[in-house]
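Chains as they are written, first to last, in this note's numbering: chain A, 627 to 792; chain B, 627 to 792.
Each residue gets a CB set at the ideal place from its N, CA and C atoms; glycine is no exception.
Everything numeric in this text was worked out from a predicted model, so none of it was measured.
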DNA sequence: TAACAAATATAGGTGAGGCTAACAATGTCC
DNA sequence: GGACATTGTTAGCCTCACCTATATTTGTTA
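1) So the candidates are 676/A, 708/A, 770/A, 700/A; which of them puts its Cα closest to the Cα of residue 746/A?
2) Identify the contact partners of residue 722/A in chain B, using a Cβ-Cβ distance below 8 Å as the criterion.
3) What span of residues does the beta strand (DSSP E) with residue 742/A cover, start to end?
4) Tell me the DSSP secondary structure of residue 708/B in three-state form.
5) Can a CB atom of chain A be found closer than 7 Å to the CB of residue 635/B?
6) What in chain B is Cβ-close to residue 772/A, meaning under 7 Å?
7) Please state the DSSP three-state secondary structure of residue 677/B.
8) Pull up the distance between the alpha-carbon of residue 669/B and that of residue 759/A, whole angstroms please.
9) Please determine, among 752/A, 767/A, 725/A, 768/A, the residue with the shortest C-alpha to C-alpha distance to residue 770/B.
10) Using 7 Å as the limit for Cβ to Cβ distance, is residue 660/B near chain A?
11) Could you check the C-alpha separation between residue 720/B and residue 713/B for me, to the nearest Å?
12) For chain A, is any of its Cβ atoms less than 7 Å away from the one on residue 698/B?
13) Which residue or residues does DSSP assign as beta-bridge partners of residue 689/B?
14) Assign residue 678/A to buried or exposed, taking buried as 16 or more other Cβ atoms, counted over all protein chains shown, within 10 Å of its Cβ.
15) Check residue 651/A in the structure and name its three-state DSSP category.
16) DSSP three-state call for residue 764/B: helix, strand or coil?
17) So, is the C-beta of residue 782/A closer than 7 Å to a C-beta in chain B?
18) Does the Cβ-Cβ distance between residue 687/A and residue 650/A come in under 7 Å?
19) With DSSP collapsed to three states, give me the class of residue 631/A.
20) Can you give me the C-alpha to C-alpha distance between residue 748/B and residue 696/A, rounded to a whole angstrom?
21) From the DSSP output, in three-state form, read off residue 729/A for me.
22) Would you report the Cα separation of residue 761/B and residue 676/B, rounded to the nearest angstrom?
23) Is residue 744/A close to chain B, meaning its C-beta is less than 7 Å from at least one C-beta of that chain?
24) Quick one: Cα of residue 633/A to Cα of residue 673/A, how far?
25) Check whether the Cβ atoms of residue 638/B and residue 698/B lie closer than 7 Å to each other.
26) Under a CB-based cut-off of 7 Å, is residue 748/A close to chain B?
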């Protein structure tokens with residue numbers, strides 16, 4: 627399986643997403659979603675058909691093959707993980723988180739992705755809510771004020787209660 | 627100034643970096659560094675000359691114009707900031723950190739970059755060394771063990787001393 | 001069912017960024 | 001200073017992902 631271009635992966639992911647919304651996927655849907663013209667979609671889809679990732683009859687609907695769906699699922703999962711990072715840690719809005727996730731997904735190394743995923747997992751194992759340090763980061767992000775505690779184990783006045791945990 | 631392609635930005639950054647190593651920059655240097663053939667470099671450089679970002683005499687050395695250097699400096703600074711994030715927070719090796727920084731630099735939104743920068747700054751204002759939570763993350767990253775404290779304010783046995791700070 | 005609207009496909013073009021092969025300029029060394 | 005290696009340029013070709021204009025097919029509806 628020759629390696630797919632970033633753009634082809636975008637097409638694949640979009641088909642997957644539209645399909646999982648129980649919608650039938652047409653050329654026009656992809657064109658609208660991806661912001662391109664129909665002939666562009668036809669061209670890219672033609673390549674994906676040749677790669678055995680997409681099925682489409684002449685003038686018919688577009689669907690993923692087994693292989694296509696498997697690959698698309700992986701891609702969408704990766705994108706979701708990145709999106710979580712951008713939303714939950716960097717506090718970006720949903721749309722911006724998605725946009726960033728979608729575009730950088732193609733360019734980061736596997737290790738880098740693993741690390742970002744680990745970061746999100748770390749958040750989860752830190753407890754149900756967000757850990758204190760993340761609250762402090764958010765506060766710093768939006769106000770510019772430094773976090774209430776200075777160095778490990780050193781509390782600022784009146785922070786004994788708040789600063790007991792990472 | 628029409629917006630530069632990601633690839634052109636790579637060329638610009640590479641010229642800047644080679645130039646700041648006090649090296650004279652030749653077509654061949656760029657070709658080797660960027661992993662392409664000379665005619666490709668000539669083609670891209672030709673575009674950068676048209677944009678007024680690069681100077682080069684026929685069969686001569688390549689250098690940045692004032693505008694080119696200004697732009698390149700910004701690009702390299704952004705890349706450095708991202709690299710810091712990948713190295714210091716995600717604990718990637720220098721080369722992988724650089725590779726990721728270099729490629730995603732073109733694709734993240736300005737806000738996203740600001741947030742990543744803020745994250746690094748947050749680390750700095752947290753104190754001279756790395757904050758406890760980052761140590762905990764690294765430990766989690768490399769061992770899979772959850773952090774020693776569970777929820778804000780709740781210590782695990784024997785963790786009263788270690789877990790007093792984020 | 002014929003006509004028309006909407007969707008898809010084809011033909012052909014563009015620009016970016018690659019390539020090879022061939023040619024031109026430069027530099028080095030005897 | 002001539003020969004040869006190195007480097008830069010040109011010419012010409014490729015692929016990808018876009019475009020417009022036009023043709024074809026399908027769906028709807030009078």
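This is what the structure holds:
1) 708/A
2) 735, 737, 738
3) Note, residue 742/A: premise wrong, no beta strand (DSSP E); alpha helix (DSSP H) at 736-751.
4) helix
5) no
6) 751
7) coil
8) 49 Å
9) 752/A
10) no
11) 7 Å
12) no
13) 681/B
14) exposed
15) strand
16) helix
17) With a pLDDT of only 39 at residue 782/A, under 50, the local geometry of the prediction cannot be trusted, and the value read off the model is given with reservation. Not closer than 7 Å to any Cβ of chain B, the Cβ of residue 782/A fails to qualify, so no.
18) yes
19) coil
20) 39 Å
21) helix
22) 49 Å
23) yes
24) 11 Å
25) yes
26) yes
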